[in-house]
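Take a look at the structure set out below.
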């Protein structure tokens with residue numbers, strides 16, 4: 001049942017329970033499915049991080065870190081080396097700057113974009129094995145979803161009533177805690193130090209959803225990664241945090257969760273339930289993915305082009321309606337959260353690609369003309385509890401054509417969703433498309449092979465080897 005916690009010492013405190021799990025769970029007890037999710041999440045996050053280096057926010061953050069961060073041994077994706085926390089920060093910004101990265105339906109956070117950079121940096125700094133990285137990723141994911149469920153921010157269909165609905169950007173709340181746990185595991189901290197790492201991250205957790213549609217959204221992922229890794233480093237050095245960082249009167253549960261906490265969820269810690277990872281075919285908000293796919297299906301089956309379109313209506317779920325706040329975007333980041341922009345690109349160009357995320361395309365007269373024909377509206381058909389649970393991002397697209405026809409397609413879930421999974425071949429193709437422009441086809445293929453074989457890799461420093469581009473550090 002959902003209760004208001006006290007800091008009674010009759011039972012272990014939350015951070016203590018989480019820390020004991022992080023340090024104590026044997027790697028052999030982590031299910032193969034959780035390791036497979038970790039591998040896929042890392043492959044996708046590193047791939048999109050390469051592509052994300054082209055975004056202005058990445059260049060801006062990089063310029064700051066290059067001036068202020070210490071040089072170090074850790075790979076900066078796109079070129080160079082920095083100290084671990086700075087590398088984790090910058091790579092997480094890159095991984096999320098295109099909104100092309102995977103997210104978890106449990107907790108509504110961009111887990112791989114935070115965890116992968118943290119673990120890459122920590123592993124390179126210490127020469128950790130790939131198998132340890134995969135285990136730490138799975139453990140960080142488990143901590144994220146346990147805390148998310150306990151804070152009543154999930155399941156996905158109830159997210160509008162949970163943390164996300166109250167205005168928190170969940171990746172900035174849960175991300176540091178998850179990253180601290182994963183780093184603590186990789187660094188082999190004992191239970192006490194792992195608990196401190198988690199508590200240190202918890203007292204710093206937070207970020208507002210108002211960031212959506214601005215550069216601060218990927219910037220918050222960068223901060224989450226750095227905060228989590230630094231929390232583990234601080235704990236390792238002996239820094240202590242309030243033991244009741246979660247349940248204290250001014251702790252995370254009261255301040256962020258509004259006092260609601262499902263204590264029973266902690267009893268399933270270690271079950272490694274499926275976090276509901278979703279991968280994207282298009283570099284934009286998850287909430288446009290089904291519509292873009294539906295438009296493509298209609299164009300293929302009904303044989304029409306953009307010039308034939310009179311009107312497009314996208315009937316959407318409550319979750320999508322809440323997510324897509326920019327019908328007439330004024331910049332690239334807003335365009336990634338705009339249904340009219342996504343539909344217009346699909347109609348005009350046959351796809352929604354990363355190369356379209358420019359101000360020239362956002363301002364393009366042809367794109368704006370099509371956008372004016374697109375209406376998004378919430379449909380009562382998707383309001384039932386059953387539909388919210390089964391298809392939280394379903395979209396029905398209705399296209400009116402100049403010849404008088406009206407054609408429609410209902411896309412219950414986009415390719416890449418847990419209920420409509422993306423095959424490994426497609427995920428690998430996405431990786432190669434993102435990385436080949438930087439490393440060449442052969443280099444991208446070698447990197448993919450290394451990431452796919454992480455469980456056999458003795459030293460993570462062998463993944464990237466020598467710097468692969470212009471130095472970022474001093």
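Numbering (full-length UniProt numbering), first residue to last: 1 to 474.
Glycine included, every Cβ here is placed at the ideal spot set by N, Cα and C.
Item                                                                                                                                                               : Value
Among 268, 341, 321, 370, which one has its Cα closest to the Cα of residue 311?                                                                                   : 370
With contact counted as at least three CB pairs below 8 Å, one residue from each stretch, are the stretch 338-348 and the stretch 225-232 in contact?              : no
State the Cα-Cα distance for the pair residue 65 and residue 86, rounded to the nearest angstrom.                                                                  : 7 Å
Using CA coordinates, which residue listed in 207, 408, 313 is at the minimum distance from residue 109?                                                           : 207
Inspect the beta-carbon positions of residue 125 and residue 181 and report whether they are closer than 8 Å.                                                      : no
Thinking just about the alpha-carbon of each residue, which of 388, 397, 302, 384 is nearest to the one in residue 344?                                            : 397
Would a C-beta distance cut-off of 8 Å place residue 386 and residue 195 closer than the cut-off?                                                                  : no
Does DSSP classify residue 28 as helix, strand or coil?                                                                                                            : helix
Starting from the Cα of residue 265, find the closest Cα among 433, 106, 58 and give me that residue.                                                              : 106
Do residue 276 and residue 178 have their C-beta atoms within less than 8 Å of each other?                                                                         : no
Entirely within the stretch 106-194 and at least 4 residues each: give me those alpha helix (DSSP H) ranges in chain order.                                        : 111-126, 130-150, 170-186
Exposed or buried, which one is residue 355 when buried takes at least 16 other CB atoms within 10 Å?                                                              : exposed
Could you check whether residue 295 and residue 401 sit closer than 8 Å to each other, using their CB atoms as the reference points?                               : no
Touch check for the stretch 279-292 and the stretch 88-106: three-plus C-beta pairs under 8 Å?                                                                     : yes
Measure the C-alpha to C-alpha separation of residue 261 and residue 253 and round it to an integer number of angstroms.                                           : 7 Å
Between 22, 50, 192, which has its C-alpha nearest residue 438's C-alpha?                                                                                          : 50
When burial is assigned at 16 or more other CB atoms within 10 Å of the CB, is residue 422 buried or exposed?                                                      : buried
Under the three-state reduction of DSSP, which class applies to residue 415: helix, strand or coil?                                                                : coil
Span of the alpha helix (DSSP H) holding residue 332?                                                                                                              : 332-335
Buried or exposed: where does residue 444 fall if 16 or more other Cβ atoms within 10 Å of its Cβ makes it buried?                                                 : buried
Does DSSP put residue 37 in a helix, a strand or coil?                                                                                                             : helix
When the Cα of residue 237 is compared with those of 188, 268, 212, 217, which residue comes out closest?                                                          : 188
Leaving out five residues on either side along the sequence, give the residues of the same chain with a beta carbon under 6 Å from the beta carbon of residue 231. : 180, 197, 200, 201
Residue range of the beta strand (DSSP E) that residue 370 falls in?                                                                                               : Note, residue 370: premise wrong, no beta strand (DSSP E); alpha helix (DSSP H) at 365-371.
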